[in-house]
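Novice: Here it is: the structure, laid out below.
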Amino acid sequence: MRGRRRRHRDRIAIALLGVVVVMAVLAGLVSLSGRHSPIAVAYHTSAATAPQPATYDHFDFSMLWLAVHRQPNLNIPAQAAYLVDVDARSVLWMKDPDTSRAPASLTKVMTAIVAVDDAGSLDKVVTVPAAATQIVPSLMGLTAGERLTVRDLLYGLFLISGNDAAETLAQGIVPRDRFIRQMNQKAKSIGLTNTHYVDPSGLDAAGHGMSAHDIAHLAAYLDKYYPAVAAIAATKDITLPATDTHKAFPLENINRMLWTYPGVTGLKTGLTDDAGGCWLATATRNGRHLIVVVLNDRGRSWVDAATLLDYGFAVKPTLDFPLGWFSSPA
Numbered sequence: 000m001r002g003r004r005r006r007h008r009d010r011i012a013i014a015l016l017g018v019v020v021v022m023a024v025l026a027g028l029v030s031l032s033g034r035h036s037p038i039a040v041a042y043h044t045s046a047a048t049a050p051q052p053a054t055y056d057h058f059d060f061s062m063l064w065l066a067v068h069r070q071p072n073l074n075i076p077a078q079a080a081y082l083v084d085v086d087a088r089s090v091l092w093m094k095d096p097d098t099s100r101a102p103a104s105l106t107k108v109m110t111a112i113v114a115v116d117d118a119g120s121l122d123k124v125v126t127v128p129a130a131a132t133q134i135v136p137s138l139m140g141l142t143a144g145e146r147l148t149v150r151d152l153l154y155g156l157f158l159i160s161g162n163d164a165a166e167t168l169a170q171g172i173v174p175r176d177r178f179i180r181q182m183n184q185k186a187k188s189i190g191l192t193n194t195h196y197v198d199p200s201g202l203d204a205a206g207h208g209m210s211a212h213d214i215a216h217l218a219a220y221l222d223k224y225y226p227a228v229a230a231i232a233a234t235k236d237i238t239l240p241a242t243d244t245h246k247a248f249p250l251e252n253i254n255r256m257l258w259t260y261p262g263v264t265g266l267k268t269g270l271t272d273d274a275g276g277c278w279l280a281t282a283t284r285n286g287r288h289l290i291v292v293v294l295n296d297r298g299r300s301w302v303d304a305a306t307l308l309d310y311g312f313a314v315k316p317t318l319d320f321p322l323g324w325f326s327s328p329a
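In numbering that gives the first Met the number 0, the protein residues as written are 0 to 329.
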């Protein structure tokens, strides 16, 4: 009986291996013909500037590893969650990843990207418009007429989730309506299919939403193509000294995982009435790079983000032919 089971398992493994080999051959043929490969193969690198549209990495996270490994019950009460290994391009755990939901301040990741695109330099000086100082809550503490660099405003955007910083970036470089259009155009161009922006802060608004998958995709995009911005998001604390054009700003990052979870490198937290608790975390350990997204998780979003990261670092997303397909390696 055991022999028959083993032979049956081996036949299944060989058949699956054959399918993958055929897919790889087809991918190679398609690649040679000048088309996009149906199997995304890319490497995690850092670039100093944003790429042209033809070079965008669409971060096609594969479901293959998850399909052949049983997803454990981790008791994650969030309405949506998504855990990926960026370098392996593998989904490790998921819960309703494609439904568009209120993302709260996770929106600000796209705000930062578009602002940098518009400014062309982190050192560009922006004047704070009066309208930006009327946005509440979560204020950097800007005063109308102050002049700060884009870099300074990004510190306020990420460390304390300043809605006034977001509005200054959205209004102080180009007109606000144009900026919002650019956010949606950028989302479409890099492959975010369940995302639509209405404001740059992530405050609750009809029609404003992102899926957990899209948020993870956006985080990977930021890390690869905007490393200077990712480094700002990873900053624990900083004081922007007073200058002739603005007062001093002592800032401490509200992302507590930067302080408490070994290996966390960012990225953003969020909380609104509609969105509930939201958490986007990037983490690196032993050469592996994980991204986790938790949406609408009342009161424990950071706890569930940590639980998912613990699981992600405990498994290895490789397809070790043939018998390793049938167990989740530790």
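From the three backbone atoms N, C-alpha and C, an ideal C-beta is built for every residue, glycine too.
Measuring straight from C-alpha to C-alpha, what distance separates residue 266 and residue 243?
Specialist: Computed Cα separation, rounded: 31 Å.
Novice: Relative to the alpha-carbon of residue 140, which residue among 283, 164 and 185 has its alpha-carbon at the smallest distance?
Specialist: The shortest Cα separation from residue 140 among 283, 164 and 185 belongs to 164.
Novice: Please tell me whether residue 276 and residue 299 are closer than 8 Å, where the distance is taken between their beta carbons.
Specialist: Against a cut-off of 8 Å, the Cβ pair of residue 299 and residue 276 comes out as a contact.
Novice: Among the residues of its own chain, which have a CB less than 6 Å from the CB of residue 61, if the five just before and after it don't count?
Specialist: Taken in chain order, the residues that qualify are 88 and 89.
Novice: What do you get for residue 50, buried or exposed, if any count of 16 or more other CB atoms within 10 angstroms of its CB means buried?
Specialist: Annotation note: pLDDT 44 at residue 50 (below 50); position unreliable, coordinate value reported separately. So residue 50 counts as exposed.
Novice: Indicate, with yes or no, if the ligand GTP has a heavy atom lying under 7 Å from the CB of residue 195.
Specialist: No copy of the ligand GTP appears in this structure; indeed no ligand is present at all.
Novice: For the beta strand (DSSP E) containing residue 60, name the first residue and the last one.
Specialist: Counting along the chain, residue 60 falls outside any beta strand (DSSP E), and DSSP gives it neither H nor E.
Novice: Taking the straight line between their C-alpha atoms, what separation do you get for residue 160 and residue 167?
Specialist: If I take the Cα positions, the gap works out to 13 Å.
Novice: Could you tell me whether the region 124 to 134 touches the region 223 to 236, where touching means 3 or more Cβ pairs closer than 8 Å?
Specialist: The region 124 to 134 vs the region 223 to 236: no contact.
Novice: Helix, strand or coil for residue 69? Go by DSSP, reduced to three states.
Specialist: If DSSP states are grouped into helix, strand and coil, residue 69 belongs with coil.
Novice: How long is the line joining the alpha carbons of residue 273 and residue 196, rounded to whole angstroms?
Specialist: Answer to the nearest angstrom: the Cα atoms are 15 Å apart.
Novice: Assuming residue 271 contacts residue 154 under a Cβ cut-off of 8 Å, what Cβ separation, rounded to an integer in Å, is found between them?
Specialist: Contact doesn't hold; Cβ gap of about 22 Å is too wide.
Novice: State buried or exposed for residue 211, treating a residue as buried only when at least 16 other CB atoms are found within 10 Å of its CB.
Specialist: Buried is the call here.
Novice: Helix, strand or coil for residue 127? Go by DSSP, reduced to three states.
Specialist: Correct three-state label for residue 127: coil.
Novice: If you run the structure through DSSP and keep just helix, strand and coil, what is residue 33?
Specialist: Any reading at residue 33 needs caution, since the residue's pLDDT is 38, under 50, leaving its predicted position unreliable; the model's value is listed next. The answer is coil: DSSP assigns residue 33 none of H, G, I, E or B.
Novice: Out of curiosity, what's the CA-to-CA distance linking residue 132 and residue 285?
Specialist: Each residue's alpha carbon lies about 43 Å from the other.
Novice: Can you list, in chain order, the residues of its chain whose CB lies under 7 Å from that of residue 175, leaving out five sequence neighbours each side?
Specialist: 169.
Novice: May I have the straight-line CA-CA distance separating residue 241 from residue 315, to the nearest angstrom?
Specialist: Straight-line Cα distance between these residues: approximately 48 Å.
Novice: Please check if any C-beta of chain E sits within less than 8 Å of the C-beta of residue 86.
Specialist: Any reference to chain E falls outside this structure, which holds one protein chain only.
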